[in-house]
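Here the structure is laid out as structure tokens; the discussion comes afterwards.
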Amino acid sequence: MDEKRDFLTLQDISSEEFHLIIDRAAAFKSGADASSCPLIGKSIGLLFDKTSTRTRISFQTGIYQLGAQPIYINSKELQLGRGETVEDTAKVISLYLHGIVIRTYEHNMIEKLAANSSIPIVNGLTDLHHPCQALADMLTIREQKGALKDIRLAYVGDGNNVANSLIEAALLTGIDLAIACPRGYDPDRRIYENALKKGAKVKLYTGPEEAVQDADAVYTDTWISMGQEREAARRKQIFKKFQLNKELLSLAKPDAIVMHCLPAHRGEEITSDVLDSPQSVVLDQAENRLHTQKALLEMLI
Ligand code: CP
Ligand code: NVA
Numbered sequence: 206m207d208e209k210r211d212f213l214t215l216q217d218i219s220s221e222e223f224h225l226i227i228d229r230a231a232a233f234k235s236g237a238d239a240s241s242c243p244l245i246g247k248s249i250g251l252l253f254d255k256t257s258t259r260t261r262i263s264f265q266t267g268i269y270q271l272g273a274q275p276i277y278i279n280s281k282e283l284q285l286g287r288g289e290t291v292e293d294t295a296k297v298i299s300l301y302l303h304g305i306v307i308r309t310y311e312h313n314m315i316e317k318l319a320a321n322s323s324i325p326i327v328n329g330l331t332d333l334h335h336p337c338q339a340l341a342d343m344l345t346i347r348e349q350k351g352a353l354k355d356i357r358l359a360y361v362g363d364g365n366n367v368a369n370s371l372i373e374a375a376l377l378t379g380i381d382l383a384i385a386c387p388r389g390y391d392p393d394r395r396i397y398e399n400a401l402k403k404g405a406k407v408k409l410y411t412g413p414e415e416a417v418q419d420a421d422a423v424y425t426d427t428w429i430s431m432g433q434e435r436e437a438a439r440r441k442q443i444f445k446k447f448q449l450n451k452e453l454l455s456l457a458k459p460d461a462i463v464m465h466c467l468p469a470h471r472g473e474e475i476t477s478d479v480l481d482s483p484q485s486v487v488l489d490q491a492e493n494r495l496h497t498q499k500a501l502l503e504m505l506i
């Protein structure tokens, strides 16, 4: 039997596999193969520790469309919450399921789960990475701009899980990524340095204006990620100058697209006029979660 494959970060796939996933997702989206059910008879668990609208519903729907059964599990209802170890849980659920999508806090938890399970583990977001989001984002940019290589993508705001995965996407695609974060809120240093070492075109800025200058796409995300609620007031102060508004967007190319993984906090990291403008592709990003995740699951499971 082939060794199982996990998708914990974008580093788990090659650039070639990345392009295969994006191409397959585009085919799913076009309606090609709509009736193929490659995962018929299988069961895939969705183990969620954090809330979700897009990830949960797009995976549930996509799994169903692939012919498999999605099983949503609120991890608080598992014996995990009463002290059963991650290792024991991983071994047991591997006996029933053919794959698990997990959304949790510490990235280390999914590494432990992956190390102790015999089935593929898919990261549906941790504090450190959001790789499924980046897959959908790359498909969206390719649809809108016709290419990925050398496209200038500016990311403005918190150097969080979404930013970290965009850095790894830059390495796979040759996208030219400009990131602007307040001092002390940069993306994960190890992820950034590793990507640079391997040849990614990623540059960090402290001013949002420099990053957005001449961008083909401008991306932002919440200033307060899940789990950071207690820091909300302080963060809103610190990030104020990084708001994606009309003035900042005017520095990008006139046909630049506006991106956000959603949920958006209108009037905080992005203004409503920008989020709802014709330049915004946020709903395409959300839709593409479905198609890219179907392609990913078909490859892994
Ligand atoms: N973008 C995203 O992951 O959305 P949800 O938190 O709603 O899943
Ligand atoms: N950075 C956000 C992304 C939500 C989809 C968070 O982790 O809450």
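In this text, residue positions in the sequence shown follow this note's numbering: the first is 206, and each later residue adds one. By construction, the Cβ of each residue, glycine as well, lies at the ideal position given by its N, Cα and C atoms. On a predicted model such as this, the values are computed, not experimentally measured, just so you know.
Asked, Found
"Assuming leucine 454 and valine 479 form a contact by the criterion Cβ under 8 Å, report the distance between their Cβ atoms to the nearest whole angstrom.", "6 Å"
"Give every residue of the same chain whose Cβ lies closer than 8 Å to the Cβ of aspartate 238, excluding the five residues on either side of it in the sequence, and list them in chain order.", "Ala232"
"Which of helix, strand or coil does DSSP assign to glutamine 274?", "strand"
"Rounding to the nearest angstrom, what Cα-Cα distance links proline 230 and alanine 319 in this structure?", "Note on residue identity: the sequence assigns alanine, not proline, to residue 230. When rounded, the distance between both Cα atoms is 25 Å."
"Roughly how many angstroms separate the alpha carbons of glutamate 398 and tyrosine 390, rounded to a whole number?", "15 Å"
"By alpha-carbon positions, which one of Ala359, Glu473, Ala273, Thr290 ends up nearest to glutamine 442?", "Glu473"
"Going by DSSP in three states, serine 280 sits in which element: helix, strand or coil?", "helix"
"Whole-angstrom Cβ separation of leucine 260 and cysteine 337, contact assumed at under 8 Å?", "What sits at residue 260 in the sequence shown is threonine, not leucine. Indeed they touch by this definition, with Cβ atoms about 7 Å apart."
"Bridge partners for phenylalanine 212 per DSSP, in chain order?", "Val327"
"Kindly indicate the opening and closing residues of the alpha helix (DSSP H) around serine 220.", "220-235"
"First and last residue of the beta strand (DSSP E) that includes threonine 425?", "422-425"
"Cα separation between asparagine 450 and glycine 272?", "43 Å"
"Using the Cβ count rule (16 or more neighbours within 10 Å means buried), how would you classify aspartate 460?", "exposed"
"Tell me the DSSP bridge mates of leucine 340?", "According to DSSP, leucine 340 bridges with nothing at all."
"Given this structure, state the Cα-to-Cα distance separating asparagine 279 from isoleucine 429, to the nearest angstrom.", "23 Å"
"Express the C-alpha separation of glutamate 208 and lysine 326 in angstroms, rounding to a whole number.", "The sequence as given places isoleucine at residue 326; lysine does not occur at that position. Straight-line Cα distance between these residues: approximately 13 Å."
"Quick one: Cα of aspartate 481 to Cα of glutamate 289, how far?", "46 Å"
"Do you know whose CA, among Gln349, Val291, Asp381, Ile396, lies nearest asparagine 369's CA?", "Ile396"
"Following a CB-centred definition, is arginine 261 positioned closer than 7 Å to any heavy atom of the ligand GDP?", "The ligand content of the structure shown is limited to the ligand CP and the ligand NVA, which means the ligand GDP is not among them."
"Are the beta-carbon atoms of aspartate 393 and threonine 309 separated by less than 8 Å?", "no"
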